[in-house]
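To start, the structure under review is shown below, and the notes come after it.
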Amino acid sequence: MNKYILWILVLLLVLLIAFFLFFFTGKKASAENITWGVNFSPKQANDLGLDPKETFLSIINDLKADHIKIAIHWDLIEKQQNIFDMEDFDFYMGEAEKKGVNVILAIGVKTPRWPEYHVPLWATYLSKDEQQNEILEMLAFVVNRYKDSPNLIAWQVENEPFFNYGKAPWKDGSFIKKEIDVVKNIDNKHDIIVTDSGEMSFWFRVAKLGDIVGITIYTKVWSDPIKDDFYYPFPAVFYGKKADLIRLLFNKNVWCLELQAEPWGKNLIQHSDLKNMLESMSLERFKYNIEYAKSTGLNTFYFWGAEWWYYMKEKYNEPSFFDEAKKIWN
């Protein structure tokens, strides 16, 4: 074997070992003060056969969650071109303000919850450039409406814009910068969060764009290729070490804006039975994910699944997840 090739192989092996030792070993101490929040999507609540407003009120009144991220889906607020219906979101923001709940608003064409890209029917017939112009106009409208809300703490612009999940109408890595510029030009008082997959990225690209890096933490997902559950092999310290790197290189904080707390099975929740849901997300795994999150060393977590907790309580008379989550805020 050529000695130069041998030296290259040795160097690669050393780098691989160094990578493993840095990201996969050691422990992080839990943050002294952890902020816990929840995600809320009125579309998800509706898909589960729930009343979105009742679900939201239960989350802030019964669960007493004091931080919430609300997804403003484009196809819900502009069903007809240039006609915006913000009545429901005005309700959510008003009720949150009454209870002193801090709010992150997720805006854009790709917002949390399936099918990821929430494009109004009328906009599907537009060209890419026309559609992008409409998105920028929609963002400007929403930001102008809520920028002075006293309980607004940040904007999330798009949801994992560089992660290939969902059926994208087009691909344009530069568009997110245009969206952020629109938001910043209207509201320079609130931070911009840009999110990325916690497991499948090192978050460098989003760290260059946002004031805060938002990530996901999932431990068990359904894998179509293997037709079975897949357990991510990452120790909790993996997320903490990557967050350390982001702080070192970009001086940005990292928040977990999706902490898995609902089933991820073969089918969407509304098409799953109780047995399959509990096999995918048991109460034991729910508790495990909370402790796992603490072990990352991060200090901000927003649960992914509050609508499902309420769904389990109301539809299946199974309040254990809702009651367990109550302990976070009570």
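Heads up: the sequence shown begins at 7 in the numbering used here, then just goes up one per residue. All residues carry an ideal CB built from backbone N, CA and C; glycine is no exception.
Query                                                                                                                                                                       : Result
Who are the near neighbours of ASP197 in its chain, counting only those whose CB is closer than 6 Å to its CB and skipping five residues on each side?                      : ALA160, ASP217, ILE218
Among all the DSSP beta bridges, which residues are the ones paired with LEU158?                                                                                            : VAL109
Buried or exposed: which applies to LEU54, given that a residue is buried once 16 or more other Cβ atoms fall within 10 Å of its Cβ?                                        : buried
Identify the continuous alpha helix (DSSP H) that holds SER286 and give its terminal residues.                                                                              : 280-286
Kindly give me the distance between the Cβ atoms of ILE334 and LEU265, rounded to whole angstroms, as I take these residues to be in contact under 8 Å.                     : Not confirmed; about 11 Å, so no contact.
Mind reading off the beta-carbon distance from PRO48 to LEU27? Whole number of angstroms is fine, and I expect it under 8 Å.                                                : About 45 Å; that fails the 8 Å criterion.
Can you name the start and end residues of the beta strand (DSSP E) that LYS226 belongs to?                                                                                 : 226-229
Going by DSSP, what residue range makes up the beta strand (DSSP E) through THR201?                                                                                         : 197-202
Helix, strand or coil for ASN194? Go by DSSP, reduced to three states.                                                                                                      : coil
Once DSSP output is grouped into helix, strand and coil, what is the label at TRP209?                                                                                       : coil
To the nearest angstrom, how far is the alpha carbon of ASP72 from that of LYS319?                                                                                          : 20 Å
Using DSSP's beta-bridge definition, name the partner residues of PRO45.                                                                                                    : Before going on, a small fix: residue 45 reads as Asn here, not Pro. Paired residues: LYS75.
Assign GLN162 to buried or exposed, taking buried as 16 or more other Cβ atoms, counted over all protein chains shown, within 10 Å of its Cβ.                               : buried
Going along the chain, which residues of its own chain have a beta-carbon closer than 7 Å to the beta-carbon of GLN50, five neighbours each way excluded?                   : ARG119, GLU313
Evaluate contact between the stretch 122-137 and the stretch 55-71, counting only Cβ atoms and requiring at least three cross-stretch pairs below 8 Å.                      : no
Give a yes or no on whether the C-beta atoms belonging to ALA174 and ALA242 are separated by under 9 Å.                                                                     : no
DSSP three-state label for GLU320, please.                                                                                                                                  : helix
Does the stretch 17-36 come close enough to the stretch 285-294 that 3 or more CB-CB pairs lie under 8 Å?                                                                   : no
Going residue by residue through the stretch 113-193, where are the continuous alpha helix (DSSP H) segments of at least 4 residues, counting only ones entirely within it? : 134-152, 181-192
Determine the DSSP secondary structure at TRP270, reduced to helix, strand or coil.                                                                                         : coil
Runs of 4 residues minimum, wholly inside the stretch 229-267: which ones carry the alpha helix (DSSP H) assignment?                                                        : 243-256
Leaving out five residues before and five after LYS258 in sequence, what residues of the same chain have Cβ atoms less than 8 Å from its Cβ?                                : ALA213, GLY216, ASP217, ILE218, VAL219, ILE252
Suppose contacts are defined by Cβ-Cβ distances below 9 Å. Is PHE307 in contact with GLY114 by that definition?                                                             : no
Could you check whether ILE74 and ILE40 sit closer than 9 Å to each other, using their CB atoms as the reference points?                                                    : no
Is PHE95 helix, strand or coil by DSSP?                                                                                                                                     : helix
Measure the alpha-carbon distance for ILE182 versus ARG211 and round it to whole angstroms.                                                                                 : 11 Å
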